[in-house]
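Numbering follows full-length UniProt numbering, with no gaps: position 533 of the sequence shown is 533.
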Amino acid sequence: MTSEPSSASPAVIARDPAYDALPVIAWGAGNDGKLNFVNRAFLEYVGLEEIPQGFDLMSLVHPDDRARVTERAQHSLQTGADYEVEFRLRGTSGFRWFVSQARPRQDAQGQGAGWIGTCVSIHERVLAEAREQQLQEIAGALLRAPDAATIGATVLERSVPFLEAAAGVVALLSEDHGRLEVVASVGYPQILIDHYRVMDMHHPLPVTDALRSNTNLFLTGADLALQYPEQMRLRQQMGVSLQGIATLPLTFEGQALGVLTLAFAQDRDFSDTDRTFLTTLARLCAQGLERARRAQAEQAAQAELRRTAAQLDTLLSSAPVGLALFDEAGRFVRLNPKLAEINGLPLEAHLGRTVPELLPEMASEVHATILEVARSGRAVLGKTALGMTPAMPGVMRSWSVDYYPVRLDGGPVLGVGAIAEETTERERYQRALSESEARYRSLVQATSQIVWTTPPSGEMQPPQPTWSEFTGQSDTDMIGWGWLEAVHPEDRERSAQAWKRAVRERSIYRIEHRLRRKDGVYRHMQARAVPVLEEDGSIREWVGVHSDVTERREAQAQADRLARLVEESADLVGIADLEGRVTYLNAAGRELVGLSEEQYRQTVIEDFFLEEDRDFVSQQVLPTVLHEGRWRGDTQFRHFGGGKPIAVDWNVFLLSDPQSGQPLAFATVTRDIRERRRAEEALQQLNSALERRVRDRTFELEQLAAFNRLILEAAGEGIVGLDLNGQVSFANPAAAAMTGRMVSELVGENFHTLVRPVDEQGQPVPHTAFAAFDAFREGQVGRSDVERFTRPDGSLFPVNYISTPLLGAGGRVSGAVLLFSDITERKRSEERLRRANEELRRSNQELQQFAYVASHDLQEPLRTVASYTELLAQRYRGQLDERADRYIEFAVGGARRMQRLIHDLLAYSRAGSSEVTPEPTSSEEALLEVLASLEQLVSESGARVSFDKLPEVRADGGQLRQLFQNLIANGLKFRRPDITPHIHISSEREGRMWRFSVSDNGIGIDPRYFERIFMIFQRLHSRESYEGNGVGLAICKRIVERHGGNIWLESEPGKGSVFHFTLPAASR
1 MTSEPSSASP AVIARDPAYD ALPVIAWGAG NDGKLNFVNR AFLEYVGLEE
51 IPQGFDLMSL VHPDDRARVT ERAQHSLQTG ADYEVEFRLR GTSGFRWFVS
101 QARPRQDAQG QGAGWIGTCV SIHERVLAEA REQQLQEIAG ALLRAPDAAT
151 IGATVLERSV PFLEAAAGVV ALLSEDHGRL EVVASVGYPQ ILIDHYRVMD
201 MHHPLPVTDA LRSNTNLFLT GADLALQYPE QMRLRQQMGV SLQGIATLPL
251 TFEGQALGVL TLAFAQDRDF SDTDRTFLTT LARLCAQGLE RARRAQAEQA
301 AQAELRRTAA QLDTLLSSAP VGLALFDEAG RFVRLNPKLA EINGLPLEAH
351 LGRTVPELLP EMASEVHATI LEVARSGRAV LGKTALGMTP AMPGVMRSWS
401 VDYYPVRLDG GPVLGVGAIA EETTERERYQ RALSESEARY RSLVQATSQI
451 VWTTPPSGEM QPPQPTWSEF TGQSDTDMIG WGWLEAVHPE DRERSAQAWK
501 RAVRERSIYR IEHRLRRKDG VYRHMQARAV PVLEEDGSIR EWVGVHSDVT
551 ERREAQAQAD RLARLVEESA DLVGIADLEG RVTYLNAAGR ELVGLSEEQY
601 RQTVIEDFFL EEDRDFVSQQ VLPTVLHEGR WRGDTQFRHF GGGKPIAVDW
651 NVFLLSDPQS GQPLAFATVT RDIRERRRAE EALQQLNSAL ERRVRDRTFE
701 LEQLAAFNRL ILEAAGEGIV GLDLNGQVSF ANPAAAAMTG RMVSELVGEN
751 FHTLVRPVDE QGQPVPHTAF AAFDAFREGQ VGRSDVERFT RPDGSLFPVN
801 YISTPLLGAG GRVSGAVLLF SDITERKRSE ERLRRANEEL RRSNQELQQF
851 AYVASHDLQE PLRTVASYTE LLAQRYRGQL DERADRYIEF AVGGARRMQR
901 LIHDLLAYSR AGSSEVTPEP TSSEEALLEV LASLEQLVSE SGARVSFDKL
951 PEVRADGGQL RQLFQNLIAN GLKFRRPDIT PHIHISSERE GRMWRFSVSD
1001 NGIGIDPRYF ERIFMIFQRL HSRESYEGNG VGLAICKRIV ERHGGNIWLE
1051 SEPGKGSVFH FTLPAASR
């Protein structure tokens, strides 16, 4: 539309008739956000007849959304681009979600004059998405809920706040369907819950009516007052005000389980969306209840099944009569050990076979009776069976047998059960043996341990199924004492001696040793064996068990290590419950605050602090820990013996249940920082003194630097750097000249091999006797004035040399510096030195042509300068005056600073001269690499670095990492001392580019210096305050601009900075 807003009274905002026909909200606003026209839909939504002049559109936007809307609007105004944003707008029915599309307007001069936009409601979509997400989370939580109370609490704790309900309750129907019992509630006063904890189903209540009618009830306050006046009066007396209630029966597959009720303190118009959500919620609750009920029923059934099976096994194994179960064809299906004993055959030999196949002497009468009972379905009781069995060959025995048909729930005959009681003399020994065998077989079948037996001699006899299954040993391998081969070699002798002693002394065998599993892995086992005695006291056999205790030993060892680590920690480690009562304090903590092990258990967290700090701890720190999980800062504990303050770094955090996430206790790892504080104060004083000395001696240092350069350039001695292998790492021209080689021929070669030293008698000096190598071999100065070096042409020249150790990080020897001179051919040495200087001047001319390479190579000579000056200090200290000694010290410091400057110059040069090869690059992976390299710096500063999901861009990977590293290091360097540094990296798509933002909470920058800080060598602070050369941000600017992007910042002093830069997106 192109029509202009219609004129209106100056006191109110104009309405544009052209926009009144739109079914959506339309509006116009100036640069200041004040409305200048609206349409009819706008007025109807906010419930006003007209809008006064100067009305700020932002006053209708939800407070949580205002910053985002303002940011998008300002960006649109600056760039002239349309913008779209989602936010909540207040109307007659409260805040509702809209998506607003707006376009910037321009005045006659082409300047930004505000926006014109529309708002389309997306409220139902947003609510639907939120409800769907909430239902998914509830469904996931219900899967983990073990019982009805947990399920009810889960549903209420999530749905009541989500729906802005005042309270909720879940009640279950009793088994007799006569009453409802509350299992979970939220928001109701305890007096009301106690009153309605058990509700008669015949009593007229919303919950009982909904369940009886199997109907969802959605009642307003007026409906409740009309239909349930008595209950409403009672609730009002108890202080409960209801303006709406939703009561939904919980049913599963037509079966009533209970009811879900949500109560609302405000008028509630239950929309179709509300009703659908609540219905789905009730269905999820019912499914969860049924799942829990079935799980509990299944657990109970399994427990009953196990109990019944145990009883049956006990009955079968302990019955004094023979018991058997046959199928319809008369085959043994199951029998007890007693019957196997009676028959004189192994129990397993019966299974699947008939009586004629096993006991032909008894086949005619027993087998025929079994088939008759199976056919007729009628029991035969007290039938006598006569015959001989393998148990007592040649002896006629008699039994009284009862035969019963076996049916399932009155169905067809499935088999025949038989109970046989011997009516002849019972063999006591056989019965004891049978019972013992039954117990053994039950043990083997019921345990996952290794169960084994041996005869009285203690020698293992196969088969041993569980032993073979675990160790992989065959019957041949294990027989006799072969089983010891599966025991760890270090444990064999001890195990064998213990076993022999147990067999000899008839005592219980107990030992722990390592046993080889069939995959070759040794497991820690606990072995135990007992003798099984005959009636006369002799040993019939040994029965043993091996139990795997590997995990238990490892877990106990780990727990012991952790406990010892905590108890022996030099830091205070403590735990307190959520009420603040201290439940654990390690030895270092007890010593720090002056408490005994009995005394600390009588304290609470606040007792550890000075009186003036306790309110801060209880009202701010502990609530922060409960909300955010952690708090850390410097504070003061008090010593319980005299109240003396103790400066500490207090790191307190929350211990939570790993499964439920529920907080369990407060924990702390606290460090005594009194020494650190004293050291910091001493360091500050020292730094101040050093700064004064540096300022006083700067001029002297410059003079000394010039003097030092003259000395090095004029040095007539050969100087060679050696690594730990004796290879030349650097050499000066004099060294090359003396040895008849070029510097490049020396570097990288073994010095002993190059010069082939000989002694006074002309005998070669071996590598091991070469005194020049003593410096790095033994860490001692090596000297010689009796050796001669050999040149490539075979000529020899006597030398006088001294070899000095070079110390690296941690004071370890990293090489040596060798100084030597030709003591007989000084003139020739001077000539070689002159030629070497000419070569050096020529090289300098070439280096001027190749500035980049030259600047890079400057670093090595600087290291040489530092080494030479250290050698001068060692050799001439005390021979010159005190001023000369100080000059040498200043020269070393100056060389180190120049190395840092050259390093920065090289980085700046690379950023502008190295070839850029943009390609699709993951900015997140580049950031992770940078954070890994900065891990120590981040840890030392105590900083927290966070980032959002970052995109793929077209960039050179190395330069992208350099960019991130410089910006993050900048944020760590310029941090405020009073707060923990926090750096955050985020990104946002802007057309073909990605805009990155690196924010910090540091000292901030005055806007006057926004341009200056991106120039090379521009610093806003002295080196005494912050180190550096002012090159880092200049490098960032070069990298970004070479990639076709821009870099800028937003900052205020004391409020931190945000550096923005843009890079091309990897894809359009």
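Yeah, the Cβ is synthetic: ideal placement off N, Cα and C, and Gly gets one too.
Cα-Cα separation, residue i to residue j
i	j	result
L60	S999	30 Å
E919	S933	23 Å
D774	S784	11 Å
R506	V532	10 Å
R961	D881	50 Å
A128	R103	29 Å
F947	R105	36 Å
R90	R96	6 Å
E301	E534	According to the sequence as given, residue 301 is Ala; it is not Glu. Cα to Cα, the separation comes out at about 41 Å.
E713	A734	Model confidence at E713 stands at a pLDDT of 49, short of 50, so the residue's coordinates are unreliable; what they give is reported in the following sentence. Cα to Cα, E713 sits roughly 10 Å from A734.
D20	R40	5 Å
V503	Q464	19 Å
V333	G352	6 Å
P757	L871	23 Å
H203	D607	55 Å
S986	S100	24 Å
W481	D536	28 Å
P798	G1032	51 Å
Nonlocal neighbours in the same chain, by C-beta distance under 8 Å from residue i, ignoring five residues either side
i	result
I646	L592, V593, Q636, F637, R638, H639, D672 and R674
W27	L35, F37, V38, N39, F42, L57, I116, G117, T118 and C119
Exposure of residue i, with buried meaning 16 or more beta-carbon neighbours within 10 Å
i	result
V355	buried
residue 1079	This structure does not reach residue 1079, given that the chain is present from 1 up to 1068, and the question cannot be answered.
R15	buried
D176	exposed
L722	buried
R709	Residue confidence for R709 is low, a pLDDT of 45 falling below 50, so the modelled location carries little weight and cannot support an answer.
I888	buried
S744	exposed
Cβ-based neighbour list, residue i, same chain, cut-off 6 Å, excluding 5 preceding and 5 following
i	result
I370	F326, G330 and V416
V69	V61, V85 and F87
L386	S398
V1058	S997, S999 and E1050
A529	Y509, W542 and G544
G1054	G1004
Contact set for residue i: own chain, Cβ-Cβ below 7 Å, skip 5 residues either direction
i	result
A1034	Y908, F1014, M1015 and I1016
G112	N31, L77, P104 and Q106
A148	L172, V183, L289 and A292
L142	I151, T154, L284 and G288
L610	Q636, R638 and P645
Q: Take every Cβ of the segment 560-575, pair it with every Cβ of the segment 662-673, and state whether three or more of those distances are shorter than 8 Å.
A: yes
Q) What are the start and end residues of each continuous alpha helix (DSSP H) run of 4 or more residues lying completely inside the segment 754-790, in chain order? A) Runs of the alpha helix (DSSP H) inside the segment 754-790: 774-777.
Q. What residue ranges within the segment 196-280 form continuous beta strand (DSSP E) runs of no fewer than 3 residues, ordered along the chain?
A. Within the segment 196-280, the complete beta strand (DSSP E) runs of at least 3 residues are 198-200, 217-220, 244-252 and 255-264.
Q) Is the number of C-beta pairs between the segment 935-945 and the segment 976-983 that are closer than 8 Å three or more? A) Flag = yes, the segment 935-945 and the segment 976-983 touch.
Q | In chain order, each beta strand (DSSP E) run of at least 3 residues that lies wholly inside the segment 517-553 | A | With a minimum length of 3 residues, the continuous beta strand (DSSP E) runs that stay inside the segment 517-553 are 522-533 and 539-548.
Q | Inside the segment 374-425 only - alpha helix (DSSP H) runs reaching at least 4 residues | A | none
**Q.** the segment 178-187 touching the segment 295-306, judged by at least three CB pairs closer than 8 Å
**A.** no
Q. So does the segment 555-572 actually touch the segment 481-493, counting three or more Cβ pairs closer than 8 Å?
A. no
Q. For the 8 Å Cβ check, are there 3 or more pairs between the segment 214-225 and the segment 188-198?
A. no
**Q.** beta strand (DSSP E) runs wholly inside the segment 34-94, at least 3 long, in chain order
**A.** 35-38 and 83-91
Q: Would you check if there are 3 or more beta carbon pairs closer than 8 Å linking the segment 372-381 to the segment 335-348?
A: The segment 372-381 vs the segment 335-348: no contact.
Q: Please determine if the segment 813-820 and the segment 796-804 are in contact, where contact requires at least 3 C-beta pairs separated by less than 8 Å.
A: Taking 8 Å as the limit for Cβ pairs, the verdict is that the segment 796-804 does touch the segment 813-820.
**Q.** Any alpha helix (DSSP H) of 4 or more consecutive residues that is wholly inside the segment 452-498
**A.** 465-471 and 475-478
**Q.** Runs of beta strand (DSSP E) wholly within the segment 933-1000 (minimum 3 residues, chain order)
**A.** Complete beta strand (DSSP E) runs here, min 3: 944-947, 952-955, 982-990 and 993-1000.
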